[in-house]
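Reading through the C-alpha cells given below for one structure.
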Amino acid sequence: MTLNEDVLLSDIDFTEAREAELDNWRKHNVYEEVEDNGQNCISTRWVYTMKELENEFHRKARLVAKGFEEDSLDEIPKNSPTCEKQSLRLILSIIASKRWSINSVDIKTAFLQGEKMQREVYLKTS
Numbered sequence: 001m002t003l004n005e006d007v008l009l010s011d012i013d014f015t016e017a018r019e020a021e022l023d024n025w026r027k028h029n030v031y032e033e034v035e036d037n038g039q040n041c042i043s044t045r046w047v048y049t050m051k052e053l054e055n056e057f058h059r060k061a062r063l064v065a066k067g068f069e070e071d072s073l074d075e076i077p078k079n080s081p082t083c084e085k086q087s088l089r090l091i092l093s094i095i096a097s098k099r100w101s102i103n104s105v106d107i108k109t110a111f112l113q114g115e116k117m118q119r120e121v122y123l124k125t126s
C-alpha cells in the first residue's frame with residue numbers, strides 16, 4: 001500500500017524508516033553535501049510504503065529524485081535492461097520441464113550500489 005505524504009495519518013510515524021533510508025545513502029557514499037551556488041537542482045520527495053510480513057507491518061521510506069525536472073533529459077540514457085517476456089517464458093519452461101526449483105532474492109539498496117554516475121546531479125530536499 002503506497003501512502004501519499006499529504007494524507008499520512010498522524011499516528012503513522014515514518015521517522016525511523018526515513019532515517020534508515022538516509023543511513024543507506026550515507027553508507028554507500030551516494031551523496032556529498034555542497035553549498036548552494038545556484039546550481040540547477042532537482043527536488044525530491046518521500047515515498048512511503050507499508051508491507052505486511054508475518055502478520056506485522058513494516059514501514060519503508062524511499063527518497064526519490066524528481067528526474068523529470070532535469071534540463072538535459074535528451075542526453076540521459078533511459079534504457080533499463082530487462083528480460084523479454086519470451087525469454088522469461090523459455091527459461092521458466094526449461095525449469096519446469098527439468099523439475100528444478102526456482103528462488104528469488106531481494107538485494108537491499110541495490111540501486112544505491114550501482115555504477116557511479118558520469119555527471120553531477122544536484123538534489124534539494126523538501
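Read left to right, the sequence shown gives residues 1 to 126 (the numbering used here). Beta carbons: idealized from backbone N, C-alpha and C, even for Gly. Keep in mind the model is a prediction, meaning the values are calculated, not measured.
{"Item": "Contact between the region 58-65 and the region 83-97 (3+ Cβ pairs under 8 Å)", "Value": "no"}
{"Item": "Cut-off 6 Å between Cβ atoms - residues of its own chain near F57, not counting five sequence neighbours on either side", "Value": "M50"}
{"Item": "R26 - containing beta strand (DSSP E), residue span", "Value": "Run containing R26: none in the beta strand (DSSP E); it sits in the alpha helix (DSSP H), T15 to K27."}
{"Item": "Cβ-Cβ distance between N40 and Y122 below 8 Å", "Value": "yes"}
{"Item": "Boundaries (first-last residue) of the beta strand (DSSP E) holding R45", "Value": "C41 to L53"}
{"Item": "Rounded straight-line distance, which links the Cα of E32 to that of R26", "Value": "9 Å"}
{"Item": "Exposed unless 16 or more other CB atoms sit within 10 angstroms - verdict on F14", "Value": "buried"}
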